[in-house]
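Undergrad: Quick note on this note's numbering: the sequence shown kicks off at 119 and runs consecutively. Attaching a single structure in structure tokens format; questions to follow.
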Amino acid sequence: MPIDAPYPTGEEAEELAARSLNDLARNMLGSAILGIAGQVKAKIAAGEDICNLTVGDFSPLHFQAPQSLRDRIRVEVAEARTNYPPADGIPELRQAIVDFYTRRLGVRFPYASVVVGSGARPPLYAAYMCLLEPGDELVYALPTWNNEYYAYLNGAVAVKVPTTPEEGFMPTVESLREHLGTARVLHLNSPLNPCGTCITKSALQEIAQAVVEENERRAEEGRPALFLLYDMVYWMLTHGETEHFDPISLVPEVAPYTVIVDAISKSFAATGLRVGWGIVPPYLQPKFKALIGHMGAWAPRPEQHATAWLLGRDDEMDAWLSDFGARITERLDLIHRRFSEMEAAGLPVTAIAPQGAIYLSVQVDLVGKSVDGQVLSTNEDIRRYLLEEARMAVVPFRAFGLEGENGWFRMSIGAVGVEALAAGLDRLEAAVRKAG
């Protein structure tokens, strides 16, 4: 008979963990987003019918990675491409990425600038680990995804720049300028998680030019450079007339100070396949490679070969993105249309029109409203009310660092069908009317 491993539980386990962990691990926080998602999953597992708009992922019930990509992975496995890949990616994929951007962005990066990882997170994390010293300033706009955690892990000073709905929750050069003189890394993300908004051409151009000018001053003074970390993993998912822009095509002189992060994860509904990459100044690439190698955070070899195959086929990608993008836009448009109708009817809600990614920024301004004798005083009160009354699960912008009890939430549509979404919006409207 097997024995049960005698691990401590309860208070004894907590006390032992406190004595065992170092300071970094002891004070490290888990993702607030995943915490909310865990609550929702528990309700769904218990049999509740929840319209789940929390986690930025895709349910295979509604969105699957391209069949051709999945078939190609099977071919690569059948051909026994199952050994370790190079720490910075197989040559075929690195070259495919160079060619892909040359065609799609009109920018030719050197082969030596590409470093591949298991999704976008390893090159993103490597950028922080390689560039930030303890006490250095990491500047980013709010709301944001995970920068708070990365700042903590690196001992960096988090410089948070609030934004407004009128700006699409995007920073401007005016809001950033006072921080550029002391910052070490400036993080930008477009299309933006959590908001589903995109930075404008003029705003990005002005910021990139300001980074160049700041680095010219620093070069004269012999100071460490200011780096622009540009996360564009959703760039192929824009909606309507929205255009995507990258800093290097707008201001080529910013290239020596820019790290671009990208992946197949979102544009091809392939979050679990774990193929991402960074475009890094070649003089930094060997250190990124070394760090990703030490972590063992490379993408699996079969998926790398399959991704190289896909990135070389524009017709295949365009056909996929046309259908995939239309299904995403259908859901985002449905939310925006229903919120616009509710707003026109005088209900305290609003939404920003879809621009990019799989998210919509919505405001359900029920702060101060009373329901069944209970006052909704915070965003968390509203979130819980919508979950219980409307069976609608959303994430408050406070989980992304934006302070204030303002009723702003992220809705993510990757795990919901159109009919279930419509029914959830019906319930949400009823809940808002009840509180209003």
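Each residue gets a CB set at the ideal place from its N, CA and C atoms; glycine is no exception.
Start and end of the alpha helix (DSSP H) containing Q323?
TA: Per DSSP, Q323 belongs to the alpha helix (DSSP H) from K319 to E339.
Undergrad: Compute the distance between the beta-carbons of I154 and R501, then report whether it is under 9 Å.
TA: It is a contact, given that the beta carbons lie within the stated cut-off.
Undergrad: Could you compute how far the alpha carbon of E434 sits from the alpha carbon of S177?
TA: If I take the Cα positions, the gap works out to 22 Å.
Undergrad: In the DSSP assignment, what are the bridge partners of K278?
TA: Answer by DSSP bridge pairing, in chain order: Y258.
Undergrad: Measuring CB to CB, does R449 end up less than 9 Å from V536?
TA: In contact: R449 and V536 (Cβ atoms closer than 9 Å).
Undergrad: Per DSSP, what are the beta-bridge partners of Y348 in this structure?
TA: DSSP, once it has assigned bridges, lists L306 and I378 as partnering Y348.
Undergrad: To the nearest angstrom, report how far apart T282 and S479 are at their CA atoms.
TA: Cα-Cα distance, rounded: 12 Å.
Undergrad: Does R509 come out as helix, strand or coil in the three-state DSSP assignment?
TA: It is coil, neither helix nor strand.
Undergrad: Would E401 be called buried (16 or more neighbouring beta carbons within 10 Å of its own) or exposed?
TA: For the sequence presented, residue 401 should be read as Tyr rather than Glu. By the 10 Å Cβ count, Y401 comes out exposed.
Undergrad: If I measure Cβ to Cβ from S383 and keep anything under 7 Å in the same chain, skipping five residues before and after, which residues do I get?
TA: Within the same chain, S383 has close Cβ partners G237, A238, V351, T389 and G394.
Undergrad: Using the Cα positions of D380 and D349, report the straight-line distance between them to the nearest angstrom.
TA: Their Cα atoms are separated by approximately 7 Å.
Undergrad: How do the segment 424-439 and the segment 243-252 stand: do at least 3 beta-carbon pairs fall below 8 Å, yes or no?
TA: With a cut-off of 8 Å, the segment 243-252 and the segment 424-439 do not count as touching, because too few Cβ pairs lie within range.
Undergrad: Is there contact here, the segment 530-544 with the segment 449-466, by at least three beta-carbon pairs under 8 Å?
TA: A contact exists between the segment 530-544 and the segment 449-466.
Undergrad: Ordered along the chain, which non-local residues of its own chain (more than five positions away) have a Cβ less than 6 Å from that of R117?
TA: Outside the shown range of the chain (119 to 554) lies residue 117, about which nothing can therefore be said.
Undergrad: By the three-class DSSP mapping on this structure, what secondary structure does A301 have?
TA: The answer is strand: DSSP assigns A301 an E or B state.
Undergrad: Using only CA atoms, which one of V485, E334 and H454 lies nearest to P472?
TA: The residue with the shortest Cα to Cα distance from P472 is H454.
Undergrad: What residues match up with M288 in a beta bridge as DSSP calls it?
TA: For M288, which the question treats as bridged, DSSP gives no partner whatsoever.
Undergrad: For the beta strand (DSSP E) that R528 lies in, which residues bound it at each end?
TA: First-last of the beta strand (DSSP E) with R528: W526 to S530.
Undergrad: Can you have a look at T172 and say buried or exposed, based on whether 16 or more other CB atoms are within 10 angstroms of its CB?
TA: Burial call: buried.
Undergrad: Does the segment 486-505 touch the segment 327-343, meaning 3 or more C-beta pairs lie closer than 8 Å?
TA: Short answer: they don't touch.
Undergrad: Taking the C-alpha atoms as reference points, what is the distance between G411 and A326?
TA: Their Cα atoms are separated by approximately 30 Å.
Undergrad: From the DSSP output, which residues share a beta bridge with A469?
TA: The partner list for A469 (beta bridge, DSSP) reads V480.
Undergrad: Less than 9 Å between the beta carbons of A205 and Y246, yes or no?
TA: No; because the gap between Cβ atoms is not below 9 Å, this pair is not in contact.
Undergrad: Please identify the residue among D189, I366, V279 and E547 whose C-alpha is closest to the C-alpha of F80.
TA: Examination of residue 80 is not possible in this model, given that the chain is present from 119 through 554 alone.
Undergrad: Quick one: what's S488 bridged to in DSSP?
TA: Answer is V493, bridged to S488.
Undergrad: Just how far apart, CA to CA, sit T360 and D217?
TA: The straight-line gap from Cα to Cα measures roughly 24 Å.
Undergrad: Any idea what DSSP makes of I397, helix, strand or coil?
TA: If DSSP states are grouped into helix, strand and coil, I397 belongs with the strands.
Undergrad: Taking the alpha helix (DSSP H) that V232 belongs to, which residues open and close that run?
TA: Premise fails: V232 lies in the beta strand (DSSP E), V232 to G235, not in any alpha helix (DSSP H).
Undergrad: If I measure Cβ to Cβ from Q323 and keep anything under 7 Å in the same chain, skipping five residues before and after, which residues do I get?
TA: So the list reads L368 and V369, once near-sequence residues are dropped.
Undergrad: Given Q403, which residues of its chain have a CB within under 8 Å of its CB, disregarding the five upstream and five downstream residues?
TA: Same-chain partners within the cutoff: D206, A230, S231, V232 and V233.
Undergrad: If you reduce the DSSP assignment to three classes, tell me which class N170 lands in.
TA: Three-state DSSP puts N170 in a strand.
Undergrad: Using the three-state DSSP reduction, which class does G314 fall into: helix, strand or coil?
TA: Here G314 sits in coil by DSSP.
Undergrad: Going by alpha carbons, who is nearest to G358 out of E292, F345 and S440?
TA: When each option's Cα is compared against that of G358, the closest is S440.
Undergrad: DSSP on G390, reduced to helix/strand/coil?
TA: In this structure, G390 counts as helix in the three-state DSSP scheme.
Undergrad: Helix or strand or just coil, what does DSSP make of P514?
TA: DSSP places P514 in strand when its eight states are reduced to three.
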